Amino acid sequence: MTNATVSEPTSARAERTRAAILAAAEDLFARKGFAAARLEDVADTVQMTRAALFYYYKDKQALYDAMFEDAFGPLRDELERILAASDRSIAERIEMAAGAWIDTLVARPTLARLLMRFVADGPEPHAHGIFSDDDQVAMRFLALFEEGCASGELRPVEDNVFLVASSVVGTTIFYAGALATLVPQQDQAASMEAEQVAGLKREVLRAMRHLLGIQDTHKRRTRQKKAASTRR
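Taking this note's numbering, the leading residue of the sequence shown gets 7, the next gets one more, and so forth.
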């Protein structure tokens with residue numbers, strides 16, 4: 007039996023433990039915030055001692071950073087890929103990115119609560135860029151907004167990119183992370199059903215298109231097809 011074969015079970019077990027720690031930390035930080043969260047609570051959830059937890063993460067800050075990367079890293083990568091897709095129009099890239107944002111937060115509501123905690127905590131020492139140190143997602147979105155305005159593809163109601171961002175980001179965070187708390191009679195499980203989520207996505211995208219001055223995707227493609235057939 008080789009050393010690699012011997013080490014594989016241990017490595018796999020360590021990865022499962024690490025994943026369990028990050029999941030417990032995500033829930034805890036989303037509920038209590040950075041300051042109030044205790045490493046003992048994370049350790050208790052995954053049934054290990056606080057000392058054993060330090061084998062994986064040296065302190066609360068290290069765990070918090072790893073948790074944020076695990077939680078938001080895949081979304082950040084997907085948004086960067088979508089926004090950088092030069093074979094798509096600016097409007098299509100923005101719509102696809104907004105759709106990915108909505109789908110992710112609705113499927114994983116703790117992300118919405120983490121964002122609310124992150125904002126509520128303010129500029130604390132533990133705070134850091136959510137998506138990346140150089141905020142590539144925000145920079146790409148801003149660049150696309152400016153490029154679209156210059157080319158005429160986007161005709162925004164107001165020359166204010168934050169108005170557009172807040173309509174998508176704010177609405178989704180509130181729906182996924184706060185609605186059930188502020189409106190207790192609202193059945194959160196029902197609000198997350200496919201039909202309800204589709205309605206949310208449809209209305210958020212409709213509002214975003216209005217603010218950006220772009221047409222509905224179906225209407226835009228129909229117009230493009232008509233223009234292409236006219237040129238033939």
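Even glycine gets a Cβ: it sits at the ideal position worked out from N, Cα and C. This structure is a prediction, so every number in the text was calculated from the model and none was measured.
Hey, quick one: how far does the alpha helix (DSSP H) through residue i stretch, first residue to last?
{"i": "A187", "result": "Before going further, note that residue 187 is Thr rather than Ala in the sequence given. Its alpha helix (DSSP H) spans residues L185 to L188."}
{"i": "E153", "result": "Q142 to S157"}
{"i": "P115", "result": "P115 to D127"}
{"i": "P80", "result": "K66 to L89"}
{"i": "M214", "result": "A200 to L218"}
{"i": "A58", "result": "R56 to Y62"}
{"i": "A182", "result": "Segment: none, A182 is in no alpha helix (DSSP H) and carries neither H nor E."}
{"i": "D47", "result": "L45 to T51"}
Using only the alpha-carbon positions, how far apart do residue i and residue j sit?
{"i": "R22", "j": "V52", "result": "11 angstroms"}
{"i": "Y63", "j": "R123", "result": "21 angstroms"}
{"i": "N166", "j": "T187", "result": "31 angstroms"}
{"i": "S95", "j": "A106", "result": "16 angstroms"}
Could you tell me whether the Cβ atoms of residue i and residue j are closer together than 9 angstroms?
{"i": "L85", "j": "A182", "result": "no"}
{"i": "L148", "j": "T177", "result": "no"}
{"i": "P162", "j": "V170", "result": "yes"}
{"i": "Q221", "j": "A97", "result": "yes"}
{"i": "E32", "j": "D71", "result": "no"}
{"i": "V203", "j": "D109", "result": "yes"}
{"i": "L120", "j": "F35", "result": "yes"}
My guess is that residue i and residue j are in contact by the Cβ rule of under 8 angstroms, so how many angstroms apart are they, rounded?
{"i": "M214", "j": "S172", "result": "Actually they are not in contact, since the Cβ atoms of M214 and S172 sit about 11 angstroms apart, beyond 8 angstroms."}
{"i": "L150", "j": "L81", "result": "Not really, about 18 angstroms apart at Cβ, beyond 8 angstroms."}
{"i": "I179", "j": "L111", "result": "7 angstroms"}
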